[in-house]
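Novice: Sequential numbering of the sequence shown, starting at 7, is according to this note's numbering. Cβ atoms here follow ideal geometry from the backbone N, Cα and C, with glycine treated the same way.
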Amino acid sequence: MKINSLLLVLISVVFCSCYNDNMEELYPELSSGCDTTNVTYSLTVAPILNNYCLNCHSTSAANGSGGGIKLGSFTDVVTYEANGKLLGSIKHLGGYSPMPKGGGTLSDCKIRQLDKWIEKGAKND
Numbered sequence: 007m008k009i010n011s012l013l014l015v016l017i018s019v020v021f022c023s024c025y026n027d028n029m030e031e032l033y034p035e036l037s038s039g040c041d042t043t044n045v046t047y048s049l050t051v052a053p054i055l056n057n058y059c060l061n062c063h064s065t066s067a068a069n070g071s072g073g074g075i076k077l078g079s080f081t082d083v084v085t086y087e088a089n090g091k092l093l094g095s096i097k098h099l100g101g102y103s104p105m106p107k108g109g110g111t112l113s114d115c116k117i118r119q120l121d122k123w124i125e126k127g128a129k130n131d
């Protein structure tokens, strides 16, 4: 009986100490379904801005609810990309007004896609 109990404890310890690497934890960019390879302004960035920003920052709404910040065109967006305000606000970094207002942050995937677009030169593609 003592041997069985000892054996059971030993087996339990062995199984509890086993660890398998989880692909999702090791390589989230590969398993998350977040495409950061084919990021373009027209197919990735503009839709993100349309869905999360243009309610307040369209050309027509910017002077009211958008604090004068327009994100309705590529030229407008590149202005805020170049001075760091676009990502600073979206990532809720200190010194920037967190966006979207009252809406939490964008998903990690969307932020990574915006990062990748900027990293690739913030082109109008």
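(1) Can you list, in chain order, the residues of its chain whose CB lies under 8 Å from that of glutamine 119, leaving out five sequence neighbours each side?
(2) Inspect the beta-carbon positions of serine 71 and cysteine 59 and report whether they are closer than 8 Å.
(3) Which residues in the same chain have their Cβ closer than 8 Å to the Cβ of lysine 126, if we skip the five residues on either side of it in sequence?
(4) If aspartate 121 and tyrosine 47 are in contact, beta carbons under 8 Å, what's the gap, nearest whole angstrom?
(5) So what does DSSP say about proline 53, is it helix, strand or coil?
(6) Beta-carbon separation of serine 95 and serine 103 under 8 Å?
(7) Whose CA, out of Gly73, Thr65 and Asn69, lies closest to the CA of threonine 81?
(8) Would you tell me roughly how many angstroms separate the C-alpha atoms of alanine 128 and glutamate 87, rounded to the nearest one?
(9) Could you check whether isoleucine 117 and lysine 91 sit closer than 8 Å to each other, using their CB atoms as the reference points?
(10) Of all the options Asn89, Asn56 and Leu99, which has the alpha carbon lying nearest to the alpha carbon of leucine 79?
(11) In the DSSP assignment, find the alpha helix (DSSP H) that holds alanine 88 and state where it starts and stops.
(12) Express the C-alpha separation of proline 106 and leucine 77 in angstroms, rounding to a whole number.
Specialist: Here's the rundown:
(1) Cys40, Asp41, Thr42, Val45, Thr50, Val51 and Ile54
(2) no
(3) Val45
(4) Wrong, their Cβ atoms sit about 14 Å apart, outside the cutoff.
(5) helix
(6) yes
(7) Thr65
(8) 8 Å
(9) no
(10) Note that residue 79 corresponds to serine in the displayed sequence, not to leucine. The option with the nearest alpha carbon to serine 79 is Asn56.
(11) 80-88
(12) 13 Å
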